[in-house]
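Inspection log for the structure reproduced underneath, given as C-alpha cells.
In my numbering, the protein residues as written are 692 to 1161.
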C-alpha cells in the first residue's frame, strides 16, 4: 500500500456538496466535528473531510512553555497573546457544555504525521463509507482529537500515529514507508496547494457547487474564497444552502444541543441585564443589531449598551507576486473577513474600513441614559439602532453634535441642554465609560458580558440567551 497518494489536483473541487478542512491542533476544529456530523446525518449528505496543517506562526506568532507551564520562548505581540488566550477560554467554555476536555498545548505542534495518517485511512474507504457512523475515518479522527487535547497523544511521534491506526482497525502494512516518503511528500504538496487556493484556517467549509459573489486577488484564491466558510458558526447557513435555500436565511450562531450542560450562572445579573459593547463604526456591530434585539425581546432581557472606539477593520493589502507566507496569510484572512461581512449584511455596505472615530455617538448615548435616569420615557435600544442605521444604511454623518442631536430629536427626545452636557458632564461620562471598557479588556465589537465573562461576537447569542434564562 506504499503507493497510495492523497489528492493534490485541487483542494476545492469535489464530487460532493461539502468539503471540510480540520487540523488536530485547533480546538475550534475539534468543537466543530460533532455538530458537523450531526448536520450531515440530518441532511443525509456525504462530505469530503480533509486534513489541513495550520501554520499558526505565520499569523499568531510562536510560543513554547517550559515544564513549569511558563513561557520559555515566544514571538507574539500583546495583541496576539490576547487573541490566543481568549480563543482557549472560549473553546473551553463550549467544551464544558459537552463534557469535553481542552487543555492548552505546551507548544505549536507539527501535525503533518496525523494528517498523513488521515490520508492513509481515507484511501481505505469510499467517501460514502467515510461519512457513515463508526467509519475508519470517524474513529481515527476521534482517536486522535480526544487524547491530543488531554495531552495524551504526541502528534509528532510516528509510533503514536501508527498505534492509533491499529486501534481503529486500519490496515497498517506499508504505513511507515508511506509516512516517511510518498505520503509525507504528497501531504506537503496538498497543504501548499490548499493554502495557495485560500484555505488558511480551520474549520473551513467549502460548498463547491454554490456560487457567491466575491473577488480575492489572484486566480487560485478567486475560485474558492466566495464559497468558503471559516468557523462552525456558519453551520446554520451551510445547512440552509444544502437544503436548497429553503426558508429564511439564517445568521451565524454557535448552535446548542439539548444535551448541553448549561449550569445556573453565579455571575448572571439578577435583573436580567446584558451589557453590550460596540464600536458603531465596526460593521460587525451593525450586523449584530437585529439578532441582539430579537434575542433580548424573546428572553425579556434588558440591553445595557456601551460605545467604545475600537481599531478600524484592517483593509487587506493587494496581492503581490512573490509575497511571503505571513503576508499572504494576512491578506487572505483580511479579504475573507470583508467578504463574510458582506455575505451576512442585509444590503451592500459602502465602507467596511472607515477609520474615523468620534465621541459624538457616545455623547448622545450618555445623554439618552441621563434622560432615562431622570424618569423620561427613553428607549435606549432605539437610539442605538437609529445611530447604526444612520451610518450604515442611510450613509449619513454621525460625527457631529448636530447630527446626533437630529437622531435624538427624531426619537422624540429633548435636546435642550445637550450642548452644555456634551461639554461637561457628558465628557466625564465618556471618560468613565472608556476606563470601564479598558478595565474589561474590550477590543472586539460586539462584546457581551455576563458579569466579567466576555463573549466576542454575535455567534454567542444562543448561549447568552440560555445562560441568562436560568
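Glycine included, each C-beta is placed from N, C-alpha and C at the ideal position.
Checklist line | Simplified DSSP state of residue 1156, which is helix, strand or coil | finding: Here residue 1156 sits in helix by DSSP.
Notebook entry, point to check: Looking at the structure shown, is residue 965 part of a helix, part of a strand, or coil, going by DSSP?
Noted result: Secondary structure of residue 965 (DSSP, three-state): strand.
Check: Taking one C-beta from the stretch 1118-1137 and one from the stretch 1147-1156 each time, how about it: are there three or more such pairs within less than 8 angstroms?
Finding: Remark: three or more beta-carbon pairs, one from each stretch, lie closer than 8 angstroms, so the stretch 1118-1137 and the stretch 1147-1156 are flagged as touching.
Checklist line | Beta-carbon proximity list for residue 910, same chain, < 7 angstroms, skipping 5 on both sides | finding: The predicted model places residue 910 with a pLDDT of 43, which falls under 50 and marks its position as unreliable; any figure quoted below should be read in that light. If we look at residue 910 and ignore the five residues flanking it on each side, it has no Cβ neighbours.
Check: If you draw a straight line from the alpha carbon of residue 847 to that of residue 823, how long is it in whole angstroms?
Finding: The alpha-carbon atoms of residue 847 and residue 823 are separated by roughly 28 angstroms.
Check: If you check the beta carbons only, do residue 894 and residue 1027 fall under 8 angstroms apart?
Finding: No, the Cβ-Cβ distance between residue 894 and residue 1027 is not below 8 angstroms.
Checklist line | Extent of the continuous alpha helix (DSSP H) run through residue 810 | finding: First-last of the alpha helix (DSSP H) with residue 810: 803-813.
Margin query: Can you look up residue 799 in the DSSP assignment and give me helix, strand or coil?
Written below: Correct three-state label for residue 799: coil.
Check: Is residue 981 helix, strand or coil by DSSP?
Finding: Judged by DSSP in its simplified three-state form, residue 981 adopts helix.
Next item on the list: Take residue 948 as the anchor and find which of 778, 786, 1132 and 1119 has the nearest alpha-carbon.
Entry: Selected option, being the one with the closest Cα: 786.
Checklist line | Inter-residue Cα distance where the pair is residue 1019 and residue 710 | finding: Near 22 angstroms, if we compare the C-alpha coordinates of residue 710 and residue 1019.
Notebook entry, point to check: Where does the unbroken beta strand (DSSP E) through residue 1143 begin, and where does it stop?
Noted result: Membership of residue 1143 in any beta strand (DSSP E) is not indicated, and neither H nor E is assigned to it by DSSP.
Item checked: Proximity winner among 809, 867, 1041 and 727, relative to residue 946 (alpha-carbon distances) -> The residue with the shortest Cα to Cα distance from residue 946 is 727.
Checklist line | Proximal residues to residue 1047 (C-beta, below 7 angstroms), its chain only, five neighbours per side dropped | finding: For residue 1047, where only same-chain residues beyond five positions count, the Cβ hits under 7 angstroms are 1090.
Item checked: Residues bridged to residue 895 [DSSP beta-bridge criterion] -> DSSP output for residue 895 lists 712 and 921 as bridge partner(s).
Notebook entry, point to check: Do you know how far the Cα of residue 923 is from the Cα of residue 1024?
Noted result: Cα-Cα distance, rounded: 16 angstroms.
Checklist line | Assigned exposure category for residue 915 - 16 Cβ within 10 Å defines buried | finding: Below a pLDDT of 50, predicted positions are generally treated as unreliable, and residue 915, at 42, falls in that range; no measurement from the model is reported.
Next item on the list: Just tell me which of 1078, 860, 891 and 870 has its CA closest to the CA of residue 720.
Entry: Taking each of 1078, 860, 891 and 870 in turn and checking the Cα distance to residue 720, the smallest one comes out for 891.
Check: What's the call for residue 900, buried or exposed, on a 16-neighbour Cβ count within 10 Å?
Finding: That one is exposed.
Next item on the list: My understanding is that residue 1000 touches residue 970, with C-beta atoms under 8 angstroms, so please give their C-beta distance in whole angstroms.
Entry: In this structure residue 1000 touches residue 970 by the C-beta definition: roughly 6 angstroms separates them, less than 8 angstroms.
Check: Can the beta-carbon of residue 813 be found closer than 8 angstroms to that of residue 819?
Finding: The Cβ-Cβ distance between residue 813 and residue 819 does not fall below 8 angstroms.
Notebook entry, point to check: When you compare only the Cα positions, how much space is there between residue 1087 and residue 815?
Noted result: In this structure, the straight-line span from the alpha carbon of residue 1087 to that of residue 815 is close to 60 angstroms.
Next item on the list: Give a yes or no on contact between the stretch 963-979 and the stretch 926-937, applying the rule of three or more CB pairs nearer than 8 angstroms.
Entry: Contact check between the stretch 963-979 and the stretch 926-937: fewer than three CB pairs, one atom from each, fall below 8 angstroms, which does not count as touching.
Checklist line | residue 1099 to residue 1081 span [Cα, whole Å] | finding: So the two alpha carbons sit approximately 12 angstroms from each other.
Next item on the list: Just grab the DSSP bridge partners of residue 741 for me.
Entry: Bridge partners of residue 741: 712.
Notebook entry, point to check: Helix or strand or just coil, what does DSSP make of residue 913?
Noted result: At residue 913 the pLDDT is 42, less than 50, meaning the model places this residue with poor confidence and gives no usable figure here.
Check: Whose C-alpha, out of 784, 1107 and 1095, is nearest the C-alpha of residue 1052?
Finding: Taking only the C-alpha atoms, the option nearest residue 1052 is 1095.
Next item on the list: Mind reading off the beta-carbon distance from residue 831 to residue 863? Whole number of angstroms is fine, and I expect it under 8 angstroms.
Entry: So it is not a contact: roughly 12 angstroms between Cβ atoms.
Item checked: Neighbour-count burial assignment, residue 954, 16 or more Cβ in a 10 Å radius -> Of the residues assessed, residue 954 falls on the exposed side of the cut-off, its CB having fewer than 16 other CB atoms within 10 angstroms.
Next item on the list: Within its chain, find whatever has a CB closer than 7 angstroms to the CB of residue 1104; leave out the 5 residues flanking it on each side and keep chain order.
Entry: In the same chain as residue 1104, and ignoring 5 residues on each side of it, the C-beta atoms closer than 7 angstroms to its own belong to 1059, 1062 and 1069, in chain order.
Notebook entry, point to check: Could you check where the alpha helix (DSSP H) with residue 1020 kicks off and where it finishes?
Noted result: Here the alpha helix (DSSP H) through residue 1020 covers 1016-1035.
Item checked: CA nearest to the CA of residue 778, picked from 795, 789 and 896 -> Nearest C-alpha to residue 778: 795.
Check: So, helix, strand or coil for residue 844, using DSSP?
Finding: It is coil, neither helix nor strand.
Checklist line | Validate contact between the stretch 971-988 and the stretch 1009-1019 using beta carbons, cut 8 angstroms, 3 pairs | finding: Contact between the stretch 971-988 and the stretch 1009-1019 is absent: fewer than 3 CB-CB pairs across the two stretches fall below 8 angstroms.
Item checked: Integer Cβ distance of residue 978 from residue 1035, believed to fall under 8 angstroms -> Contact check for residue 978 and residue 1035: beta-carbon distance about 6 angstroms, within the 8 angstroms limit, so the pair qualifies.
Note to self: Between residue 979 and the ligand MN, is there a pair consisting of the residue's CB and a ligand heavy atom that are separated by less than 7 angstroms?
What the structure shows: With respect to the ligand MN, the structure offers nothing, as it holds no ligand at all.
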